[in-house]
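**Student:**
Protein chains in written order, with my numbering: chain A, 317 to 795; chain B, 490 to 719.
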């Protein structure tokens with residue numbers, strides 16, 4: 317079997333299949349119809365010959381046979397008697413030849429040149445007829461033209477089993493053949509026309525059916541070039557292409573969303589880098605054009621620039637962290653007993669906490685499956701947020717409790733809290749709020765990164781906050 | 490002494506505020522700053538400014554909105570907007586909301602100064618004078634002609650730039666490094682002693698002998714003292 321898959325276009329393949337089926341079916345119909353006509357003509361001719369011959373032969377037997385003859389009559393089946401019969405059966409249409417019981421020619425009915433010639437006797441067929449077969453007909457050739465031959469056995473009376481001779485009536489079939497030949501040609505022309513028209517219309521129809529696929533292909537090309545406004549318009553079709561169009565649109569919607577958020581992210585990241593760079597360049601320019609002549613200005617601006625460079629480095633590190641988490645998170649999960657982990661963590665966090673007491677509110681004894689480094693980073697991020705937004709000496713509390721499938725850890729501060737509009741966007745990248753208690757700028761990426769780190773371990777994160785009362789961040793870890 | 494031109498800066502980034510304030514003060518402007526839109530509005534209510542530098546992204550409001558509010562209140566002072574976004578649509582939005590000019594961060598400080606000068610000129614706050622006068626010296630910044638006591642003198646571009654800087658900032662002491670940066674560019678990598686050579690040439694061409702127009706401040710640099718006309 318030849319594998320056509322993928323080698324030719326769908327249109328070509330469907331078209332070829334369609335043309336093949338059309339040719340086979342129309343060809344077969346034509347052939348059977350031709351064959352039927354041929355059969356009809358032949359049968360008709362045979363019965364005609366027999367119908368004409370039957371009364372002549374009956375009359376001849378009645379005349380030539382003695383009255384009250386028995387089965388053994390016509391013992392002396394002479395050539396003279398045979399010739400009489402042959403003459404009577406011969407016409408312009410047919411010629412009769414009479415054979416005796418041993419298959420020898422007794423008489424040939426042809427007298428006039430316009431009468432057709434008889435074919436050479438076929439010994440096997442004559443033998444078959446002599447043995448009592450009534451329906452022996454066959455085709456023979458005379459002067460390279462087809463001749464229909466009918467053999468009629470001669471019996472003393474219709475019921476007798478004795479055959480004393482055979483009459484061979486042959487008729488040229490060329491006239492018939494001529495008609496059939498024209499009929500055949502007409503049929504061929506019809507078949508070819510039907511196939512050509514059928515294939516033409518078929519291709520058109522297939523092309524029309526597949527046109528929407530082409531439109532989809534073009535839309536795909538446009539999307540590949542970056543035009544995400546492209547949508548499939550044939551969503552109202554009830555067929556497979558309609559279903560494809562619907563799925564296609566859903567896919568493009570999602571792609572567009574991802575693309576746009578990526579674009580916004582890059583724009584925001586550029587913004588986040590350009591702002592400090594603007595400050596740095598401006599400060600450098602002011603210093604170069606004379607600001608450095610004043611030691612107080614020089615000192616103040618240099619320190620501010622140093623802080624800004626550190627901020628830039630923090631932003632870049634967070635961006636790197638985000639990209640690492642999004643592309644190839646390297647997570648090694650290990651069992652961690654929270655009641656053992658937190659006292660150790662409290663010591664580590666001592667430097668970060670400065671003047672804020674860190675309270676560990678011990679929860680139940682539980683082991684979580686988590687990446688230790690990620691867990692520590694999550695907690696450090698949340699703690700630094702908490703102290704950045706809290707007045708000095710206000711405590712930050714960490715605790716945990718068991719949920720049905722997770723352990724929920726919370727980090728609570730008693731700081732300034734957030735307004736609703738800030739709370740709603742807190743996890744979005746580059747969404748940062750100015751703190752009343754700290755001059756240090758946020759990177760706008762801390763909570764985004766924390767969210768990604770939680771999700772990378774199969775957890776979720778949320779926060780509750782009320783202005784003036786404080787903020788609590790909850791995140792879950794699997795057992 | 491003429492009244493200082495007063496500029497208000499509404500911008501939340503501390504580093505940007507600092508360099509803008511310092512840099513503009515060096516240029517002789519009186520600078521007031523505000524970190525939030527609300528604060529800026531309060532200051533504008535009670536004081537008169539000749540120019541407003543407005544950041545588009547403020548923590549409490551949108552610069553476009555603030556700009557429109559100011560115009561609706563009938564404030565006509567020139568507004569220069571600062572923004573990160575450099576999309577045409579944003580620039581149009583900025584100008585439509587009532588801003589007079591638009592500068593994209595990060596910008597070159599000299600361009601900011603040029604735009605401030607252009608805005609003030611348009612308001613008629615400063616003249617379009619291309620001529621600088623200091624005592625007997627008459628200098629045209631466009632034709633680059635310098636007349637000393639009515640005599641045309643020929644200066645190299647560096648000497649010309651030095652003279653312009655001196656005339657624009659009389660009595661101010663410039664260090665050699667500052668002169669080098671401002672006259673030869675921030676990326677000039679030679680020694681600052683080259684300034685001594687240029688200053689000496691300039692002194693000779695100005696016939697600056699006993700008059701001491703350009704004075705050496707020992708251990709620091711140079712300062713320009715124009716001859717007071719009687």
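Yeah, the Cβ is synthetic: ideal placement off N, Cα and C, and Gly gets one too.
From this set, A/565, A/640, A/511, which residue's C-alpha is nearest residue 532 of chain A's C-alpha?
**Tutor:** That would be A/565, whose Cα lies nearest to the Cα of residue 532 of chain A.
**Student:** Give me the chain B residues within the contact set of residue 617 of chain A, using Cβ-Cβ distance strictly less than 9 Å, ordered along the chain.
**Tutor:** Near residue 617 of chain A (Cβ distances below 9 Å), the residues of chain B are 504, 507, 508, 511.
**Student:** Can you list the residues of chain A that residue 655 of chain B reaches, using a CB-CB cut of under 9 Å?
**Tutor:** Under the 9 Å cutoff, chain A gives no residues; its nearest Cβ is about 13 Å from residue 655 of chain B.
**Student:** Grab me the residues of residue 719 of chain B's own chain with a C-beta within less than 7 Å of its C-beta, minus the 5 sequence neighbours each way, in chain order.
**Tutor:** Here residue 719 of chain B scores only 45 on pLDDT, less than 50, and its place in the model should not be relied on; the value that follows carries that caveat. So the list is empty, once near-sequence residues are dropped.
**Student:** Per DSSP, what kind of secondary structure is residue 761 of chain A in: helix, strand or coil?
**Tutor:** Correct three-state label for residue 761 of chain A: coil.
**Student:** Can you find a C-beta in chain B that's less than 8 Å from the C-beta of residue 317 of chain A?
**Tutor:** Reliability of the predicted coordinates at residue 317 of chain A is poor, the pLDDT of 49 falling under 50, and no value is obtained from them.
**Student:** Between A/557, A/734, A/454, A/539, which lies nearest to residue 437 of chain A when the distance is taken from Cα to Cα?
**Tutor:** Looking at the Cα atoms, A/454 is the closest of the given residues.
**Student:** Cα separation between residue 525 of chain B and residue 664 of chain B?
**Tutor:** About 36 Å.
**Student:** By how many angstroms is the C-alpha of residue 593 of chain B removed from the C-alpha of residue 706 of chain B?
**Tutor:** When rounded, the distance between both Cα atoms is 39 Å.
**Student:** To the nearest angstrom, report how far apart residue 635 of chain A and residue 644 of chain A are at their CA atoms.
**Tutor:** Cα-Cα distance, rounded: 14 Å.
**Student:** Using beta carbons (cut-off 8 Å, strictly below), is residue 592 of chain A in contact with chain B?
**Tutor:** It does: the Cβ of residue 592 of chain A has a partner Cβ on chain B nearer than 8 Å.
**Student:** Just curious, the alpha helix (DSSP H) that residue 685 of chain B is in, first and last residue?
**Tutor:** Counting along the chain, the alpha helix (DSSP H) containing residue 685 of chain B begins and ends at 683 to 694.
**Student:** In chain order, which alpha helix (DSSP H) runs of at least 4 residues are fully inside the region 652 to 713 of chain A?
**Tutor:** With a minimum length of 4 residues, the continuous alpha helix (DSSP H) runs that stay inside the region 652 to 713 of chain A are 654 to 664, 666 to 669, 688 to 704.
**Student:** What does residue 620 of chain B pair with, by DSSP beta-bridge criteria?
**Tutor:** Answer is B/629, bridged to residue 620 of chain B.
**Student:** Take residue 676 of chain B as the anchor and find which of A/507, A/605, A/726, A/612 has the nearest alpha-carbon.
**Tutor:** For the residues A/507, A/605, A/726, A/612, the minimum Cα distance to residue 676 of chain B belongs to A/605.
**Student:** Would a check of beta-carbon distances place residue 703 of chain B closer than 8 Å to chain A?
**Tutor:** Answer no: the Cβ-Cβ gap between residue 703 of chain B and chain A never drops below 8 Å.
**Student:** Locate the alpha helix (DSSP H) running through residue 583 of chain A, then write down its first and last residues.
**Tutor:** Unbroken alpha helix (DSSP H) run through residue 583 of chain A: 556 to 604.
**Student:** Suppose the cutoff is 7 Å on Cβ atoms and the five residues either side in sequence are ignored; what does the same chain contact list for residue 512 of chain B look like?
**Tutor:** Taken in chain order, the residues that qualify are 598.
**Student:** Compile a chain-ordered list of the residues in the region 644 to 676 of chain B whose CB is closer than 8 Å to at least one CB of chain A.
**Tutor:** Listed by position, the residues of the region 644 to 676 of chain B near chain A (Cβ gap below 8 Å) are 662, 663, 664, 666, 667, 670, 671, 675.
**Student:** Pull up the distance between the alpha-carbon of residue 551 of chain B and that of residue 654 of chain B, whole angstroms please.
**Tutor:** Spanning the two alpha carbons is a distance of roughly 38 Å.
**Student:** Within the 8 Å Cβ cut-off, does residue 515 of chain B reach chain A?
**Tutor:** Cβ-Cβ to chain A under 8 Å: yes for residue 515 of chain B.
**Student:** Using a Cβ-Cβ cut-off of 6 Å (strictly less than) and excluding sequence neighbours within five positions of residue 613 of chain A, which residues of its own chain qualify?
**Tutor:** Same-chain partners within the cutoff: 607.
**Student:** Residue 317 of chain A by DSSP, collapsed to three states: which one?
**Tutor:** In this predicted model, residue 317 of chain A has a pLDDT of only 49, less than 50, meaning its place in the structure is not dependable enough to derive any value.
**Student:** Run down chain B in chain order and give the residues with a C-beta less than 9 Å from the C-beta of residue 607 of chain A.
**Tutor:** 508, 511, 512, 515, 667, listed in chain order.
**Student:** According to the neighbour-count rule (16 or more other Cβ atoms, all chains shown, within 10 Å of its Cβ), is residue 648 of chain B buried or exposed?
**Tutor:** It counts as buried.
**Student:** On the three-state DSSP scale, how would you describe residue 533 of chain A?
**Tutor:** Reduced to three states, the DSSP call for residue 533 of chain A is helix.
**Student:** Leaving aside the five residues before and after residue 782 of chain A along the sequence, list all residues of the same chain whose C-beta is less than 6 Å from its C-beta, in chain order.
**Tutor:** Same-chain partners within the cutoff: 733.
**Student:** Drop a sphere of 10 angstroms on the beta-carbon of residue 592 of chain A, count the other beta-carbons inside from all chains shown, and report buried for 16 or more, exposed for fewer.
**Tutor:** Answer is buried; the Cβ neighbour count reaches 16.
**Student:** If residue 487 of chain A and residue 432 of chain A are in contact, beta carbons under 8 Å, what's the gap, nearest whole angstrom?
**Tutor:** Confirmed, Cβ separation roughly 7 Å.
**Student:** Kindly list the residues whose CB is nearer than 7 Å to the CB of residue 408 of chain A, restricted to its own chain and excluding five residues on each side of it in sequence; keep chain order.
**Tutor:** Around residue 408 of chain A: 430, 431.
**Student:** Count the other CB atoms within 10 Å of the CB of residue 317 of chain A; is the residue buried (16 or more) or exposed (fewer)?
**Tutor:** Unreliable positioning characterises residue 317 of chain A in this predicted model, as indicated by a pLDDT of 49, which lies under 50. A coordinate reading is not provided.
**Student:** Tell me whether residue 800 of chain A sits in a helix, a strand or coil according to DSSP, three-state version.
**Tutor:** In the structure as shown, chain A begins at 317 and stops at 795. Residue 800 of chain A is therefore absent and cannot be evaluated.
**Student:** Residue 595 of chain A CB to nearest chain B CB: under 8 Å?
**Tutor:** At least one chain B Cβ lies under 8 Å of residue 595 of chain A.
**Student:** Is residue 502 of chain B near the ligand SAM, with its Cβ less than 7 Å from a heavy atom?
**Tutor:** This structure lacks the ligand SAM, and indeed carries no ligand of any kind.
**Student:** CA-CA distance, residue 427 of chain A and residue 503 of chain A?
**Tutor:** Roughly 40 Å separates the two Cα atoms.
**Student:** Note down the Cα distance separating residue 640 of chain A from residue 334 of chain A, rounded to an integer number of angstroms.
**Tutor:** When rounded, the distance between both Cα atoms is 54 Å.
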